[in-house]
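What follows is a single structure, written as structure tokens, with notes after it.
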Amino acid sequence: MDWAGITLSGLCLAHCLLLPPLLAILPLLTLSPLPDWLHETEWFHAALLVPVFLVSGPTLLRGAHRDRRIGWWAIIAFALLVCALFMPSEAGEQALTVLGASVLVMAHWRNRKLQRYS
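For the sequence shown, the UniProt record's numbering begins at 1 and goes up steadily by one.
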């Protein structure tokens, strides 16, 4: 499950870093036929949080029993990802998402390391 969590966090990072330039280019490729709700990316960010919480939450909760730092990193990462949803600026949202996803990867990496040596 840690690999799934790392993959989902990687998707968050890819979404955050690659989607804005892609959306900037898409009007050149004719974005007009798409419905208006697809032009907004907030729904995608919120939708990505569901599998992230469902995979990372239980996995890191088990890891937190072995190392409390994993639990704290998970709490901080989840808080950053949720706070990013409410950021008024795109730059602030991206910064919090990148930071939150990076902390989540770190928590999964530590959890994976502990499992190998246990």
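The beta-carbon is built from N, C-alpha and C at its ideal position, and this holds for glycine as well. Remember, predicted model here, so these are calculated numbers, not experimental data.
Over what stretch of residues does the alpha helix (DSSP H) that includes residue i continue unbroken?
i     : result
HIS65 : Here HIS65 belongs to no alpha helix (DSSP H), and DSSP marks it neither H nor E.
Return the residue from the list the options that minimises the CA-CA distance to residue i.
i      : options                      : result
PHE53  : ARG112, VAL105, GLY5, ASN111 : GLY5
GLY100 : CYS16, TRP43, ASP2           : CYS16
GLY71  : CYS12, ARG116, LEU18, ASN111 : ASN111
GLY10  : ARG116, TRP109, ARG69        : TRP109
ASP2   : GLU93, PHE86, LEU13, GLY57   : GLY57
How is residue i classed by DSSP in three states: helix, strand or coil?
i     : result
PHE53 : helix
PRO88 : coil
MET1  : coil
What is the C-beta distance between residue i and residue j, in whole angstroms, given that I count them as a contact (C-beta under 8 Å)?
i      : j     : result
LEU81  : THR97 : 6 Å
LEU114 : ASP67 : 6 Å
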